[in-house]
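Engineer: Starting off with a structure, shown below.
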């Protein structure tokens with residue numbers, strides 16, 4: 023009921039601008055060397071200057087995850103580095119994902135584009151701004167990045183990189199977030215993600231907990247798709263209560 027109401031009301035107050043926090047504590051972080059490496063290779067200065075510490079760490083963590091997911095991959099993101107992120111929530115990691123796309127495109131080609139889709143875009147946060155407000159704020163200072171308040175199943179292709187970080191593929195987490203059961207379509211979700219991949223494109227998904235990971239793999243088996251990589255992911259940058267896993271599929 024509340025999901026349907028949120029979609030009708032479409033609460034918005036304008037793009038959220040995050041207040042910066044000092045990052046001095048990172049000098050003593052256990053993963054300080056890895057952090058410096060990622061900062062240098064992905065040019066994170068702009069994000070570092072205008073983000074909360076947790077947001078910055080989450081973007082570093084995402085880059086660490088993406089690099090792990092691409093281990094052994096020798097391709098590039100082609101002449102037009104077009105990325106689509108499914109279920110992007112408030113898109114707090116847009117900067118890191120955008121920079122990753124930029125790094126792996128062919129030099130001298132067209133600009134990078136990244137689109138994040140979120141079907142539950144109008145959930146209201148404690149600051150009385152919606153997810154959409156936050157997402158548009160995080161995407162606002164990235165040329166070529168945009169947020170769509172809509173269903174990923176309507177996303178057009180082709181894309182060279184499709185990402186889905188912790189999509190709901192089982193009932194319990196889906197329902198716990200107040201989403202109608204008729205929106206739980208994990209097989210259609212994966213089929214569409216694979217269908218919009220350009221030749222040579224990559225699908226990266228992340229799962230939280232062994233049950234969700236096993237569900238990811240079971241869906242791919244039903245679709246007769248063999249992952250190029252699938253396994254547990256751990257990062258020295260951030261730790262979480264539940265185990266996390268990554269899957270990479272290549273077209």
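Residue numbers (my numbering): 23 to 273.
By construction, the Cβ of each residue, glycine as well, lies at the ideal position given by its N, Cα and C atoms.
Grab the span of the beta strand (DSSP E) containing residue 270 for me, first residue to last.
Structural biologist: Residues 266 to 272.
Engineer: Using 8 angstroms as the threshold, is the segment 181 to 199 in touch with the segment 244 to 264, meaning 3 or more CB pairs across them?
Structural biologist: no
Engineer: Fully enclosed by the segment 143 to 188, which beta strand (DSSP E) runs are 3 residues long or longer?
Structural biologist: 167 to 170 and 181 to 187
Engineer: Quick check on DSSP: helix, strand or coil for residue 137?
Structural biologist: strand
Engineer: Compare the beta carbon distance of residue 114 and residue 80 with 8 angstroms and say whether it is the shorter of the two.
Structural biologist: In contact: residue 114 and residue 80 (Cβ atoms closer than 8 angstroms).
Engineer: Can you list, in chain order, the residues of its chain whose CB lies under 8 angstroms from that of residue 57, leaving out five sequence neighbours each side?
Structural biologist: In chain order, 48, 51, 82 and 259 place their CB closer than 8 angstroms to the CB of residue 57, counting only its own chain and leaving out the 5 sequence neighbours on each side.
Engineer: Near residue 33, which residues of its chain fall below 7 angstroms by C-beta distance, leaving aside the five closest residues on each side in sequence?
Structural biologist: 144, 146 and 152
Engineer: Which runs of the alpha helix (DSSP H) spanning at least 4 residues fall entirely within the segment 179 to 240, listed in chain order?
Structural biologist: Fully enclosed alpha helix (DSSP H) runs of 4 or longer: 193 to 198 and 208 to 217.
Engineer: Give the C-beta separation of residue 252 and residue 239 to the nearest angstrom, bearing in mind that I take them to be a contact with Cβ-Cβ under 8 angstroms.
Structural biologist: 6 angstroms
Engineer: Can you give me the Cβ contacts of residue 84 inside the same chain, cut-off strictly under 6 angstroms, excluding the 5 residues immediately before and after it?
Structural biologist: Around residue 84: 115 and 118.
Engineer: Once the 5 residues before and after residue 37 are set aside, which same chain residues still bring their CB inside 7 angstroms of it?
Structural biologist: 155, 158, 159 and 162
Engineer: Return the chain-ordered list of same chain residues with a C-beta closer than 8 angstroms to the C-beta of residue 164, the five sequence neighbours on each side being excluded.
Structural biologist: Beyond the five residues adjoining it in sequence on each side, residue 164 comes within less than 8 angstroms, by CB distance, of 116, 117, 120 and 136 in the same chain, given in chain order.
Engineer: Quick one: using the 10 Å Cβ neighbour count with 16 as the cut-off for buried, is residue 97 buried or exposed?
Structural biologist: Classification of residue 97: exposed, given that the 10 Å Cβ count is below 16.
Engineer: Which ranges would you report for the beta strand (DSSP E) in the segment 240 to 264 if only whole runs of at least 3 residues count?
Structural biologist: 251 to 255
Engineer: Grab me the residues of residue 54's own chain with a C-beta within less than 8 angstroms of its C-beta, minus the 5 sequence neighbours each way, in chain order.
Structural biologist: The residues are 48.
Engineer: Locate the alpha helix (DSSP H) running through residue 67, then write down its first and last residues.
Structural biologist: 67 to 70
Engineer: Tell me the DSSP bridge mates of residue 106?
Structural biologist: 137 and 184
Engineer: Out of 177, 180 and 202, which has the shortest C-alpha to C-alpha gap to residue 26?
Structural biologist: Of the candidates 177, 180 and 202, the one whose C-alpha sits nearest the C-alpha of residue 26 is 202.
Engineer: By Cβ distance, which residues of its chain are closer than 8 angstroms to residue 220, with the 5 residues on each side in sequence left out?
Structural biologist: 100, 104, 179, 180, 181, 182 and 273
Engineer: Quick one: Cα of residue 255 to Cα of residue 226, how far?
Structural biologist: Their Cα atoms are separated by approximately 13 angstroms.
Engineer: Do residue 21 and residue 215 have their CB atoms nearer than 8 angstroms?
Structural biologist: A question about residue 21 goes unanswered here, because the residues of the chain that appear run from 23 up to 273.
Engineer: How big is the Cα-Cα spacing for residue 168 and residue 91?
Structural biologist: 24 angstroms
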